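Reading through the structure tokens given below for one structure.
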Amino acid sequence: MSLVGKLTGAYRSIAFVVFNTLVFLVLINLALWAAFAVHDHEPSMIDESSPPSPEGYFRENGTAIDNGKRMPTNLTIFDYKAFENIMSEREIGAMLDEYYDHFHDGLKYQAFTQYAPRVFAGEYLNVTREANGLTVRRTINPPADAAAKRTIRIFTFGGSTTFGQGVADQHTWPTRLSEILNARAKADGLDVHVEVTNYGRVGFYPTQELHLLMEVLRSGERPDMAIFLDGLNLGEDNDTSGLTKHFSKAVNETQRPTGARWDWIPMIRAANAVNARLNPNARTKTHSPSKDERLAHTLERFTQFRTNVQAVSDLYGVKPVFFLQPDAHYNYPVELYGRGELLINPPRRAFKERFYAQIRKDGGFIDLTELFSDWGNRKAVVDSAHFSPNFSQFVAENIANNIDLTDIGDVTREESIPTGIPKL
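Terminal number for the sequence shown in the UniProt record's numbering: 424, no gaps in between.
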């Protein structure tokens, strides 16, 4: 056989082996991909047996019908009936469209507090950027009366219930609070205008709010009062936010060699899983606290949050007010949920019962946790936890009952210099 023939034969043999090896690897990865897909699959929780609502935007159980712009929770636990005809089905649907778009814009990174909502302009949902570079949910403040000689500035902090998740700008409790306090000031003949700014952020818990308050103050802002509404979000066991692991992964990824970034391939994912089982000592172990440890940590977290906010506020001449919020995860009546079977978490409720029983003894928090009972046998949340328009009004009224506008002194504030340029 000639040299060319030998080389051709060798080439064919090598090509045959390489091709079949590649085919084998592809088939193995496809099989593993299918296995992982089955493992990762979560069954649909959509109740398609529930008939459509009169206008066809929702189902009789309160959940939304998918129009291509619905979040998973809209399809499973949303309850349009909690709006009590404040908005039409069409208007609620249009509002959910805006929430969908805003969600897919993603969150904006922010130092120290991890994230902030992005600027968004809609008919029902608006997030604006303040002069200090920080983003806030739009609060509809009544125009200042000509007789007003000074402005009382109130900043609100909290999680998604303060942000007003699931409702329009005009139905958040900070907007309602502004309306109530300005009406009271006018009725009482006070020469003041109240301006509320909503720094509530989805997912925030007290430790993040402390850092956000300090960020606001470092930016040169000096409110007269800061209101904190907390209790729903407790933070992770290690006193971090729920997104910390994702930020940690992002930072770690930037430092990994290129060759270490292939763990999305099914074969490598499977190999990593086998390696983790064979070498358990190589895995980072985390301590899972007992129920009593978790309770002690959470109570101390809230106590330190309050004392630290108070200390910082005293330095800057800000009056802080702390509220324990109406918490649907704690005591919302099961029968008022559109789909209560999906939303009740007995272990979580049991923990919240112990937590609130203890934190009430602190004395530094104004307790609003029984407002669902005071509200009566009416729907108060639009999903698992977020306040309905009418209940937001009720929350604002109860917060306003604990605010004395005459007790907020006429403080002459010098122009404050920020510690840096606005964050964009």
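Note that beta-carbon positions come from the ideal geometry of N, C-alpha and C, so glycine has one too. Small disclaimer: the values here were computed from a predicted structure and weren't measured.
Residues near residue i in its chain [Cβ-Cβ closer than 8 Å; skip 5 each side]
| i | result |
| --- | --- |
| A147 | D191 |
| residue 477 | Missing from the structure shown is residue 477; the chain here goes from 1 to 424 and no further. |
| R118 | H102, D105, G106, L107, K108, V127, T135 |
| D410 | R150 |
| residue 461 | As displayed, the chain neither begins before 1 nor continues past 424, which places residue 461 out of reach and without an answer. |
| D239 | T207, H297, R301 |
| E84 | R378, K379, S388, P389, N390 |
| F163 | P117, R137, T172, N198, G200, R201, V202 |
| D169 | Y124, L125, N126, R137, R138, T139, I140, T175 |
| R218 | P418, T419, G420 |
| E98 | F120, G122, E123, Y124, L125 |
| D327 | G231, L232, K352, Y356, T369, A385 |
Given residue i as reference, the closest of the options once Cα atoms are compared
| i | options | result |
| --- | --- | --- |
| Q208 | D383, Y337, T244 | T244 |
| H211 | D407, G68, Q310 | Q310 |
| Q165 | D47, L134, F103, G340 | F103 |
| E48 | I77, K291, S178 | I77 |
| K81 | T307, F322, G220, V167 | V167 |
| S44 | A31, E370, N74, I86 | N74 |
| P142 | V395, Y115, P54, I180 | I180 |
| N182 | A144, V216, T406, H287 | A144 |
| K319 | E98, N402, E130, F387 | N402 |
| Y295 | A276, Q255, F355 | According to the sequence shown, residue 295 is Leu rather than Tyr. Of the listed residues, the one whose Cα sits closest to L295 is F355. |
| M87 | N279, L342, S388, G242 | S388 |
| G203 | P422, G242, T406, S2 | G242 |
| E42 | I399, T161, E293, P72 | P72 |
| residue 425 | D327, N275, D224 | Because the chain spans 1 through 424 in this model, residue 425 falls outside it and cannot be assessed. |
| G235 | R218, L299, A273, E253 | L299 |
| R184 | D404, E414, P422 | D404 |
| I154 | A226, L342, A34 | A226 |
| A35 | N85, E370, R269, I359 | R269 |
| G189 | T406, E414, L424 | T406 |
| P422 | D79, N272, I265, E130 | E130 |
| G340 | D230, D79, L25 | D79 |
Contacts around residue i, its chain only, beta-carbon distance under 6 Å, and the 5 residues preceding and following it disregarded
| i | result |
| --- | --- |
| N233 | G159, Y205 |
| D237 | P289 |
| N198 | V136, R137, T139, T156, P174 |
| N308 | L210 |
Status (buried if at least 16 other CB within 10 Å, exposed otherwise) for residue i
| i | result |
| --- | --- |
| G56 | exposed |
| K249 | exposed |
| H171 | buried |
| R70 | buried |
| H39 | exposed |
| G420 | exposed |
| V196 | buried |
| G93 | buried |
| K379 | buried |
| H193 | buried |
| T372 | With the sequence shown as reference, residue 372 is identified as Phe, and Thr is not the correct amino acid for it. By the neighbour-count rule (16 or more Cβ atoms within 10 Å), F372 is buried. |
| G317 | exposed |
| F302 | buried |
| R90 | exposed |
| Y115 | buried |
| Q325 | buried |
| I399 | buried |
| I152 | buried |
| G338 | buried |
| D374 | exposed |
| S13 | exposed |
| E293 | exposed |
| L368 | buried |
| S178 | buried |
| L25 | exposed |
| E215 | buried |
Bridge partner(s) assigned by DSSP for residue i
| i | result |
| --- | --- |
| D97 | D97 is not bridged to any residue. |
| residue 446 | One cannot answer for residue 446 here, as it falls past the ends of the chain, which runs 1 to 424. |
| V381 | F387 |
| V127 | F120, R137 |
| I366 | F323 |
| L107 | P117 |
| G158 | L229 |
Residues near residue i by beta carbon distance below 7 Å, same chain, minus five either side
| i | result |
| --- | --- |
| Q393 | R176 |
| G220 | N132, S416, I417, P418 |
| F322 | F228, R306, G364, F365, I366 |
| F247 | Q114 |
| G376 | none |
| residue 430 | Summary: the structure shown does not reach residue 430, with the chain confined to residues 1 through 424, and so no result is reported for it. |
| L342 | M45, T76, I77 |
Cβ-heavy atom distance, residue i to the ligand FMN, below 7 Å
| i | result |
| --- | --- |
| E335 | The ligand FMN is not part of the structure shown, which contains no ligands of any sort. |
Practice task
Within the segment 229 to 253, note down every full alpha helix (DSSP H) run reaching 4 residues or more, in order along the chain.
Solution key: 244 to 253
Handout entry: Start-end ranges of the beta strand (DSSP E) lying completely within the segment 45 to 73, minimum 3 residues
Key = none
Problem - Uninterrupted beta strand (DSSP E) stretches inside the segment 286 to 336 (no shorter than 3 residues) - result: 319 to 324
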